[in-house]
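Chemist: In this note's numbering, the protein residues as written are 4 to 592.
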Amino acid sequence: MKRLNFILLFIGILMIVLLSRVYFLSIKSNTYYEELSKQNYIKRVYQAPSRGLIEDRNGIPLAINNLGFSITVKPHLKSYKNKQKLHNIVKIIAKHFPEYEEEKLLKRYKKLDSPYKHDYVNLIDYIAYDDFFSKFTLFNSIEDIKVEPSVKRYYPFHNAASHIIGYVGKASRENMNNNELSKYSGIVGKNGLEKYYNEKLQGTLGYKDIKVNALNKELEVLKEKKPNEDNNLKLTIDIKLQKYIQKIFTHKSGAVIVIDVNNGELLAAASFPEFDNNIFVGGISQKDWDKMRNSFDHPFTNKLVNGLYPPGSVHKMGVALALLEHGISPSYSVYCNGELQIGNRKFRCWKQRGHGRTGFRKALRESCDDFFYKASLKVGINKISKTLEKYGFGQETGIDQINEFIGVNPNKNWKREKYNQPWYIGETVITSIGQGYTLVTPMQVARYTAFLATGKLPRPHFYKDNHEEPKKVQTDPEYLKIIRQGMYDVANKRFGTAQRHIRSKVTIAAKTGTAQVISIPQSEKKRMKESELEYYHRSHAWLNTYGPYENPQYAVVTLIEHGGHGGSAAGPMVSKIYDKLYDLGYIKK
Numbered sequence: 004m005k006r007l008n009f010i011l012l013f014i015g016i017l018m019i020v021l022l023s024r025v026y027f028l029s030i031k032s033n034t035y036y037e038e039l040s041k042q043n044y045i046k047r048v049y050q051a052p053s054r055g056l057i058e059d060r061n062g063i064p065l066a067i068n069n070l071g072f073s074i075t076v077k078p079h080l081k082s083y084k085n086k087q088k089l090h091n092i093v094k095i096i097a098k099h100f101p102e103y104e105e106e107k108l109l110k111r112y113k114k115l116d117s118p119y120k121h122d123y124v125n126l127i128d129y130i131a132y133d134d135f136f137s138k139f140t141l142f143n144s145i146e147d148i149k150v151e152p153s154v155k156r157y158y159p160f161h162n163a164a165s166h167i168i169g170y171v172g173k174a175s176r177e178n179m180n181n182n183e184l185s186k187y188s189g190i191v192g193k194n195g196l197e198k199y200y201n202e203k204l205q206g207t208l209g210y211k212d213i214k215v216n217a218l219n220k221e222l223e224v225l226k227e228k229k230p231n232e233d234n235n236l237k238l239t240i241d242i243k244l245q246k247y248i249q250k251i252f253t254h255k256s257g258a259v260i261v262i263d264v265n266n267g268e269l270l271a272a273a274s275f276p277e278f279d280n281n282i283f284v285g286g287i288s289q290k291d292w293d294k295m296r297n298s299f300d301h302p303f304t305n306k307l308v309n310g311l312y313p314p315g316s317v318h319k320m321g322v323a324l325a326l327l328e329h330g331i332s333p334s335y336s337v338y339c340n341g342e343l344q345i346g347n348r349k350f351r352c353w354k355q356r357g358h359g360r361t362g363f364r365k366a367l368r369e370s371c372d373d374f375f376y377k378a379s380l381k382v383g384i385n386k387i388s389k390t391l392e393k394y395g396f397g398q399e400t401g402i403d404q405i406n407e408f409i410g411v412n413p414n415k416n417w418k419r420e421k422y423n424q425p426w427y428i429g430e431t432v433i434t435s436i437g438q439g440y441t442l443v444t445p446m447q448v449a450r451y452t453a454f455l456a457t458g459k460l461p462r463p464h465f466y467k468d469n470h471e472e473p474k475k476v477q478t479d480p481e482y483l484k485i486i487r488q489g490m491y492d493v494a495n496k497r498f499g500t501a502q503r504h505i506r507s508k509v510t511i512a513a514k515t516g517t518a519q520v521i522s523i524p525q526s527e528k529k530r531m532k533e534s535e536l537e538y539y540h541r542s543h544a545w546l547n548t549y550g551p552y553e554n555p556q557y558a559v560v561t562l563i564e565h566g567g568h569g570g571s572a573a574g575p576m577v578s579k580i581y582d583k584l585y586d587l588g589y590i591k592k
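1) First and last residue of the alpha helix (DSSP H) that includes residue 193?
2) Look at the alpha carbon of residue 125 and the alpha carbon of residue 590, and state the distance between them as a whole number of angstroms.
3) Do you know offhand how far residue 165's Cα is from residue 65's?
4) Since residue 64 sits in a beta bridge, which residues does DSSP pair it with?
5) Provide the residue span of the alpha helix (DSSP H) that contains residue 178, from first to last.
6) DSSP on residue 501, reduced to helix/strand/coil?
7) Considering only DSSP beta bridges, list what residue 275 is partnered with.
8) Can you tell me which of the three DSSP states residue 50 falls into?
9) Specify, as a first and last residue, the run of the alpha helix (DSSP H) that residue 325 falls within.
10) Taking all protein chains shown into account, do 16 or more other C-beta atoms lie within 10 angstroms of the C-beta of residue 224, making it buried, or fewer, making it exposed?
11) Closer than 8 Å by C-beta to residue 148: which residues in its own chain qualify, once you throw out the five before and the five after it? Chain order, please.
12) Please report the straight-line C-alpha distance between residue 203 and residue 130, rounded to a whole angstrom.
13) Work out the CA separation of residue 550 and residue 300 for me, nearest whole Å.
14) Between residue 371 and residue 440, what straight-line distance do the alpha-carbon atoms span, to the nearest angstrom?
15) Considering only their Cβ atoms, is the gap separating residue 500 from residue 493 smaller than 7 Å?
16) Note down, in chain order, each residue of its chain lying with its Cβ closer than 7 Å to the Cβ of residue 333, except the 5 sequence neighbours on either side.
17) Thinking C-beta only, is residue 517 closer than 7 Å to residue 546?
18) Taking the Cβ atom as the reference point for each residue, do residue 451 and residue 359 lie within a distance shorter than 7 Å?
19) Counting only runs that start and end within the segment 197–260, where is the alpha helix (DSSP H) found for 4 or more residues in a row?
20) Can you round the beta-carbon distance between residue 264 and residue 555 to whole angstroms, since I take them to be within the 8 Å contact cut?
21) Residue 356: buried (16+ other C-beta within 10 angstroms of its C-beta) or exposed?
22) Going along the chain, which residues of its own chain have a beta-carbon closer than 8 Å to the beta-carbon of residue 17, five neighbours each way excluded?
23) What separation, rounded to the nearest whole angstrom, lies between the Cα atoms of residue 86 and residue 188?
24) Can you tell me the Cα-Cα spacing of residue 258 and residue 52, whole angstroms?
25) Count the other CB atoms within 10 Å of the CB of residue 379; is the residue buried (16 or more) or exposed (fewer)?
26) Using the Cβ count rule (16 or more neighbours within 10 Å means buried), how would you classify residue 445?
27) Do residue 186 and residue 170 have their C-beta atoms closer together than 7 Å?
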């Protein structure tokens, strides 16, 4: 009986296994193979959206997509049987578009074609609409050629705002690995806002599910999802103002920034010399690249955020606030006789005869170096550095540009870590006037100038929809009042270092800066004039300003490389910029 039960149990288990297998083969595997077969006849084709436009604050296009056509060729024409077809196609293309050489086209086809590739081979990415339109019918009638719409990025203002906007280029393998959409668009932002906001500008992928036969011929569209093209970028800049600044900047190299002191919007910002972004879209020639790379004026460097310079005397307002915050009385004064002796070294004031009795306001108005030399020794570098850090020195501004530099706001610990050396009191003296190790970017100076005008540090930005409250900085309003009075005097009072050079419809507060590029030997009794120095040995000229004085709305900061004195080099240009702001309705008295 037990044996019979065991046999029946074994037969039962065997039947269950057999029935389970039958169920899997007839039901489950059918679903699996049905899904697998779909892959054989349903092809998903991804669609990249058109790249978003970049517009100025008034809707004027700064980066657009020009319409044209691409030429793609049927795959698998490399075989002996089809070789003549391929050669005939290449000959036709070269005949009608001589800029494309037959050999290079054949080489490109052979490189991109593959036995496993069933999609048409993209032989030419883009031919302009006007160049191709008259030949459209001819090419569209050739059996093994497919003509499709194509776009190419175009910058209608060429070199205006080139460093800000940036440019696109062909997507590299690394780009494609990190960004799926670039596999289908073939381009990616390479610099400036094109790179910073690449994800927004490129939009999101769409796709079509297409039924095809065994020969890969498309039969019908089964499903379609449109790509998202809500990807335009509106900027804060006014291209009319930008072009005006470009026109009046007659110097070789430098930077100009116009920033709203209350919210950080950048109305204009230019790094000079500029370049035409369009030369990068299709790939820059080696000749053009070498010319830019080898220029002493560094046109490829975005000086707004990647140019590092000693700030010279535009640094003095921050140092003055540090002195006041750390115990120096607002009534403090020194007698400037033109130099300060420390050991065997003389630290000279820019004015050889000296400024006589000098307090805070006069020290700013006439840019007395000796005042800052003597006062800084009472406070020390660490306290000065700590205060300057609050105002953004040695810090990122947070601007929407790539690879922003932070500069150097030196102190004892910084030097120990950087050079493993002690700090000397002579270094405190030269740091107090914006020389020595101190380095800033023009954008840092623009943000700091906005703080001097308002008591708050805004985040500079180009994207109009960036809304971020300015950072309130803890500073005694009475101390700021002294600084502002000194800056008013610079542009409006007798002996002010910019008073003779600023003439505007707007009342401006200012500070000039002359940042030395080379040190002056102690043996030189009389300082040479900037005009007597070789061009690349001349000092950089700074002028940072805000206006109107009673109701600050904009700061205008200029840096002219090797420009000499900030007032004479930049004063007339800055005056014109404020007048333009007034004429355009941005400044309201």
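All C-beta atoms, glycine included, are put in the ideal place defined by N, C-alpha and C.
Modeler: In this structure, then:
1) Annotation: residue 193 is outside any alpha helix (DSSP H) and is labelled neither H nor E by DSSP.
2) Going from the Cα of residue 125 to the Cα of residue 590 covers about 53 Å.
3) Near 10 Å, if we compare the C-alpha coordinates of residue 65 and residue 165.
4) Checking the DSSP bridge columns, you'll see residue 64 partnered with 58.
5) Judged by DSSP secondary structure, residue 178 falls within the alpha helix (DSSP H) whose first and last residues are 176–181.
6) Note: residue 501 maps to coil in three-state DSSP.
7) Under the DSSP definition of a beta bridge, residue 275 partners with 257.
8) Strand, per DSSP.
9) Here the alpha helix (DSSP H) through residue 325 covers 319–328.
10) The residue is exposed, with fewer than 16 neighbouring Cβ atoms inside 10 Å.
11) Only 74, 75, 76, 77, 92, 142 meet the Cβ criterion.
12) Answer to the nearest angstrom: the Cα atoms are 26 Å apart.
13) Cα to Cα, the separation comes out at about 30 Å.
14) Roughly 20 Å separates the two Cα atoms.
15) Against a cut-off of 7 Å, the Cβ pair of residue 500 and residue 493 comes out as a contact.
16) Residues of the same chain with a CB within less than 7 Å of the CB of residue 333, apart from the 5 flanking positions on each side, are 327, 363, 485 in chain order.
17) One thing to note: residue 546 has its Cβ no nearer than 7 Å to the Cβ of residue 517.
18) Cβ distance not < 7 Å, so residue 451 and residue 359 don't count as in contact.
19) The alpha helix (DSSP H) runs lying completely inside the segment 197–260 and spanning 4 residues or more are 201–205, 242–251, given in chain order.
20) With a Cβ gap of about 5 Å, residue 264 and residue 555 count as contacting.
21) Under this definition residue 356 is an exposed residue.
22) Counting only residues of its own chain and dropping the five nearest sequence neighbours on each side, residue 17 has no CB closer than 8 Å to any other CB.
23) One C-alpha to the other measures close to 30 Å.
24) Near 35 Å, if we compare the C-alpha coordinates of residue 52 and residue 258.
25) By the C-beta density criterion, residue 379 is buried, having at least 16 other C-beta atoms within 10 angstroms.
26) Label assigned to residue 445: buried.
27) Not a contact, by the Cβ cut-off of 7 Å.
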